Amino acid sequence: MGDSLLTVEGLRKAYPGVVANDDVSFSVKPGEVHALLGENGAGKSTLVKMIYGLVRPDAGRMTFEGVPYEPSSPHEARGTGVAMVFQHFSLFEALNVAENVALGMENPPKQRQLSRQIREVSETYGLPLDPDRLVGDLSAGERQRVEIIRCLLQDPKLLIMDEPTSVLTPQEVEILFETLNKLRAEGTALLYISHKLEEIRALCDSATILRLGKVVGTCDPRASSARQMAEMMVGQELHTPSREMKEPGEIVLDLAALSVKSANPFGTSLKNVTLQVRAGEVLGIGGVAGNGQDELLAALSGETPAPSDAVKLNGQEIGHLGPNARRALGLLAAPEERLGHAAAPDMSLTENALLTGAIREDMVSNGFLNWGKARSFAESIIREFDVRTPGPGNAARALSGGNLQKFVIGREILQRPVALVVNQPTWGVDASAAAQIRQALLDLAAAGCAVICISQDLDELMEISDRFAALNEGRLSAPKPAKGLTVDEIGLMMGGAHDLEVAHV
Amino acid sequence: MDLSSINPLVLIASLMVASTPILLAAIGELVVEKSGVLNLGVEGMMIVGAICGFAVAVESGSPALGFIGAALGGAALSMLFGILTQYFLSNQVATGLALTLFGLGLSALIGQGYIGIKPPATGDVNFGPLADLPVLGTILFRHDLMVYISLGLIAGVWAFLKYSRAGLILRAVGESHDAAHALGYNVRTVRLMAIGFGGACAGLGGAYLSLIRVPQWTEGMTAGAGWIALAIVVFASWRPWRVLVGAYLFGGVTVLQLNLQAAGLDVPVQYLSMSPYIITILVLVIISSNRGRASLAAPAALGRVFHASS
Amino acid sequence: MIRLEKRPQPSQFWTAFTPVLAVMLTMVAGGILFAILGKDPFVAIKTIFWDPILGDFAFYYRSQLLVKGAPLILIAIGLSLGFRAGIWNIGAEGQYIIGAICGAAVGLAFYPMEARWLIFPLMILAGALGGFLWAMIPAILKTRFNTNEILVSLLLVYVAEQILASMALGPLRNPEGSGFPGSRNLRQYEAASNQELIANSGVHWGVIAAFIAVILAYVLLNRHMLGFQIRLTGQSPRAARFAGVRPNLLVVFCLGASGALAGLAGMFEVAGPAGQISIDFNVGYGFTAIIVAFLGRLHPVGILLAGLLMALTYIGGEAAQATLGLPAAAIQAFQGMLLFFLLAVDVLSNYRVRIGTTEAA
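Chains as they are written, first to last, in numbering that gives the first Met the number 0: chain A, 0 to 504; chain B, 0 to 309; chain C, 0 to 360.
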């Protein structure tokens, strides 16, 4: 182990009720791209937080360049030569790029000099950035560049990247990989966290696979098949959703040149979104985060009002109607954020069942609530969607991500929607729950419902969609049949490489 | 009514004095809010500062010691708020209200023996010949030291927030405590320091009322000044120099209505007395009604509870 | 090191027990405060909390409990609705004043007519309407211009106080009062007086209204869609929008209801215990009710109990003032302390305290 840069031995971290990491060991050499592979909840994030000094391990030890390494804070980690690009960005929207970069550095130079450095580095690596722009005005891809440049300016010996491609188009991914390869050539080691197997096969030299907090194997990703790695990661045979093909029916949901201004000052306004979904059809909508997904869901759920003729359900103009009026007509929705949007964290599952089910499940008369009905509706969701919880009296926040998501999706599906819109239905959900949710959506479509699935997971969309479209800066591309679409075509629909260019090596 | 008795130069000079308590409290609260904390206890900290300053000045005979005592008193009270909101994760709105209610009671309790006493006088700064300049002399060079200190504080806070690294960290914490935490900044410590600064400033503002502006101690003498300071922070869109504008605007209205009362304007005194509050409300309405991008100045994490879960 | 761990569910035990713990801690801290003031802490605590209920003069004090508790409960019930929804009306004191002025003005307008069946109900309506309209100022400014309701409602208290003074000195001044400020005494005007309904019990119409308000609030919050929407909005505004809640409607309802209840409290007070509009008519019930609302955990039954407890501190405080020379301000500080302790121990219902290793940074 003499030549390894970072070694991790027997690391353990427990939280109440869960052991996030147990006896985790691996090592990374200089210039090596090492993958940490695992499902949601496998403990990858906790592990890198320990390496970055955000969380202290309960047991185990680390060495960096042969010296014991016990970072007590990210400052110390950065001082040692460890840098990190976060999955959920550690950026400040109301501050400009240079200020954001300065906050992530130990001894930043004066603003003017820093701005010049940012320009230089960003050009060298083909990641153009204007240091004076507000981060809130940047796209997801550009924000990631800020994070990467912040790291690069400190000449890190080890760069940790947590799910970096989840916010990029396929073309942008390619460019990112070129940048990373250049760094590797310069001797920088990379710890690359992902659950996307093809990426890891394309980029990484070695991989450590985690399941339920433990190392379950290591492999050479170039020599292993994606299937082998997936089975190690999940620990079971994967179930691929199935469906019967049927001719789609009448047009159910019809958006005509829908333009809606975003309620959020840093949000993306919808521009001329036109689409039609037929009964029995799944329309998949892809796109990089922050290109109008939340706004589209809000415009469909009725949270933001639209011109009445811009949204039609079965020919009826409903753009001006609020969420409950739309529910009464059969247009249901499940937003991305489970806690705090789709469900109220501190309320019980019964109360959360009432949250959207009040009207269609007839739980209110003259304004008075029928708690008995709400409770039995919650119980039937729990039963039919296999939600693991002691009972409907439990608070929503006590459920795991996968179980709560099954509850949220199940709550809408059991209300027999005419049309259903879901945003990121399997985000942060374990593989078996994700497969269950996708199957449920397909079954719903097979029963004649019109389904719109907004997602940033292209594999998911390819698996369940009949037709595919992509959101890019609030505009929707023309939908195309999903079968036979190539990665390149999808990437171009998502906006291609935007203004990124290949690194000037 | 005799409007000729109102001298515009004296009016301007006295509006500076009338604005100073609010100016001090507001600039402190601006720093607190920039760090992402909403402390509604300004009124309570001001009144505690008023009595602490008064008591210390009377006992020691030194107004300067009085002001130091007031700053310490305000800061001590603010730490109650700080510990409750930062360590016990209590609701900031409720805790701020509690601070005000408690501060009013506590100050009345401390102040029992000080009713009807005159504090030691605070002298004006001697600028020599400058004070005799026409116009400017009256307006600018005949004040007590605290007026200049309050102006200095505005400039200091402005430069601190704009140019210093500590100021950048403070703004970052107020913008997103989660991101700041992920980068390794100690959100709690930053916020506690900001809260303490806010408390000290509010205390100074209170003492300015009891030692210079009034000058004596009466229960509840702040009469809403703390709340007006909070309103001025909103009015200022969290920008230091606009706090100055807001405070002077308010001070102007106060001084003008007092002058009109003295001049015997034919309107019941109560309607003149309520005018500063009504004008504050009107200004709030105007500011909050046309907010587009301007609302970005509000710290995004304002009032949200921070609990590092990992 | 001590650290906090979020509970998966709020603890029911601590939710109910924290107010009790807060009261006990306040008694200890209050005792220390009284000792510093040179009073025997045990005697002081006994005088405040024990004697009014079970001491020698309890027959007098017990009725006072309802007299002082009723306005606190009435106002706090209204405030709790808004507080649950994250709508902060802290200007109940102003709404209370305006309600009293409107109620009294209607009563005095009929003087000396003897038609109680007409006048008294009209006064009740006027009181509620006055408080409602005064609360509509922050409500409309909030919904139309997005103006902060905390600041506006509070600043309006100072405006209301000035109106009160001008009324006591001007339009409502007793023409037979030989120039002294203050209105006619409504208690001496049968048709407009809020009398004691049962002799020496302290029960007047305001007490009845407070009990009705407790019951209605309970039904609203637990059985009605609007109550569900109020709770939902407070916990998670985005989920509330998704559930079809119209935030503006809620702002108007919560501010309006709390304003009307505060106005009612003011009207019952001016027609009963206070008797007249005077410059110093308001004694801070509108602010103390904030403490009552939190101490009662924003729950109607809790508020009922908390209102009575807070009334006890007023009465006991007065008694301690008379017998021990305890300053009135000490009681005010004592009440503030109670709220502090409550907020501090509240952490126990949502977090578990762990003693063990610390987290980095």
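All C-beta atoms in this analysis are idealised placements derived from N, C-alpha and C, irrespective of residue type, glycine included.
None of these values were measured; they are calculated from a predicted model.
Residue i versus the options, residue with shortest Cα-Cα distance
i                 : options                                   : result
Ile-52 (chain C)  : C:Thr-312, C:Ile-197, C:Thr-17, C:Gly-283 : C:Thr-312
Ala-191 (chain C) : C:Leu-117, C:Pro-170, C:Leu-150           : C:Leu-117
Gly-335 (chain C) : B:Val-232, B:Ala-107, B:Ile-148           : B:Ala-107
Asn-38 (chain B)  : B:Phe-140, B:Ala-24, B:Leu-8, B:Gly-204   : B:Ala-24
Phe-131 (chain C) : C:Tyr-95, C:Asn-221, C:Thr-25             : C:Tyr-95
Gly-223 (chain B) : B:Val-16, B:Asn-6, B:Ile-21, B:Leu-10     : B:Ile-21
Leu-160 (chain B) : B:Trp-237, B:Gly-48, B:Leu-144            : B:Trp-237
Leu-96 (chain B)  : C:Leu-153, C:Gly-274, C:Ser-182           : C:Leu-153
Val-7 (chain A)   : A:Ser-24, A:Phe-367, A:Gly-16             : A:Ser-24
Ala-28 (chain C)  : C:Arg-351, C:Val-291, C:Ile-330           : C:Ile-330
Arg-437 (chain A) : A:Leu-151, A:Gly-140, A:Gly-283           : A:Gly-283
Ala-298 (chain A) : A:His-194, A:Glu-280, A:Ala-256           : A:Ala-256
Leu-65 (chain C)  : C:Gly-255, C:His-223, C:Ile-197           : C:Ile-197
Arg-115 (chain A) : A:Leu-209, A:Pro-130, A:Glu-105, A:Gly-78 : A:Pro-130
Residue interval of the alpha helix (DSSP H) (run including residue i)
i                 : result
Cys-203 (chain A) : Per DSSP, Cys-203 (chain A) belongs to no alpha helix (DSSP H) and is neither H nor E.
Gly-65 (chain B)  : 62-85
His-74 (chain A)  : 73-79
Asp-131 (chain A) : Per DSSP, Asp-131 (chain A) belongs to no alpha helix (DSSP H) and is neither H nor E.
Tyr-113 (chain B) : Here Tyr-113 (chain B) belongs to no alpha helix (DSSP H), and DSSP marks it neither H nor E.
Val-215 (chain A) : Unbroken run through Val-215 (chain A) is the beta strand (DSSP E), 213-218; no alpha helix (DSSP H).
Val-282 (chain B) : 268-288
Ser-348 (chain C) : 346-349
Where residue i meets chain A, residues with beta-carbon distance less than 7 Å
i                 : result
Ser-235 (chain C) : Gly-339, Ala-343, Pro-344
Whole-angstrom distance between residue j and residue i, CA atom to CA atom
i                 : j                 : result
Gly-125 (chain A) : Ser-26 (chain A)  : 30 Å
Arg-296 (chain C) : Gly-409 (chain A) : 34 Å
Ser-399 (chain A) : Leu-3 (chain C)   : 20 Å
Asp-442 (chain A) : Val-304 (chain B) : 42 Å
Val-156 (chain B) : Ile-148 (chain B) : 12 Å
Gly-291 (chain A) : Gln-423 (chain A) : 13 Å
Ile-138 (chain B) : Thr-303 (chain A) : 53 Å
Phe-333 (chain C) : Thr-17 (chain C)  : 17 Å
Ala-91 (chain C)  : Gly-204 (chain B) : 27 Å
Thr-84 (chain B)  : Gln-91 (chain B)  : 6 Å
Val-17 (chain A)  : Gly-42 (chain A)  : 10 Å
Ile-211 (chain B) : Leu-303 (chain C) : 45 Å
Lys-311 (chain A) : Ala-19 (chain A)  : 47 Å
Range of the contiguous beta strand (DSSP E) that encloses residue i
i                 : result
Val-420 (chain A) : 418-422
Asn-20 (chain A)  : 17-27
His-180 (chain B) : Premise fails: His-180 (chain B) lies in the alpha helix (DSSP H), 176-181, not in any beta strand (DSSP E).
Ile-192 (chain A) : 188-193
Under 7 Å by beta carbon: chain C residues contacting residue i
i                 : result
Trp-226 (chain B) : Leu-150, Leu-153, Leu-154
Ser-300 (chain A) : Phe-241
Pro-127 (chain A) : Chain C residues near Pro-127 (chain A): none, gap ~33 Å exceeds 7 Å.
Paired residues, beta bridge with residue i - DSSP
i                 : result
Asp-253 (chain A) : A:Gln-275, A:Lys-311
Glu-316 (chain A) : A:Lys-311
Ala-327 (chain C) : Answer by DSSP bridge pairing: none, since Ala-327 (chain C) is not bridged.
Gly-283 (chain A) : A:Cys-452, A:Phe-467
Phe-63 (chain A)  : A:Leu-5, A:Val-66
Lys-181 (chain A) : Answer by DSSP bridge pairing: none, since Lys-181 (chain A) is not bridged.
Chain B contact residues for residue i, given Cβ-Cβ distances below 8 Å
i                 : result
His-74 (chain A)  : Gly-183
Gly-103 (chain A) : Leu-182
Chain-ordered chain B contacts of residue i [CB-CB under 9 Å]
i                 : result
Ile-289 (chain C) : Ala-93, Leu-96, Ala-97, Leu-100
Amino acids of chain A, ordered along the chain, whose beta-carbon sits closer than 9 Å to that of residue i
i                : result
Leu-88 (chain B) : Going along chain A, no residue has its Cβ under 9 Å from Leu-88 (chain B), so there is no contact; the nearest lies around 14 Å.
Within chain B, partners of residue i - CB distance below 7 Å
i                 : result
Gly-158 (chain C) : Residue 158 (chain C) is actually Val in this sequence, not Gly. What Val-158 (chain C) touches in chain B: Met-273, Tyr-276, Ile-277.
Residue-level contact to chain E via CB, residue i, 8 Å cutoff
i                 : result
Ala-238 (chain C) : Among the protein chains in the structure shown, which are A, B and C, there is no chain E.
Interface partners of residue i on chain C, CB under 8 Å
i                 : result
Val-363 (chain A) : Met-224
Partners in chain C for residue i, counting only beta-carbon separations shorter than 9 Å
i                 : result
Gly-223 (chain B) : Leu-153, Leu-154, Val-156, Tyr-157
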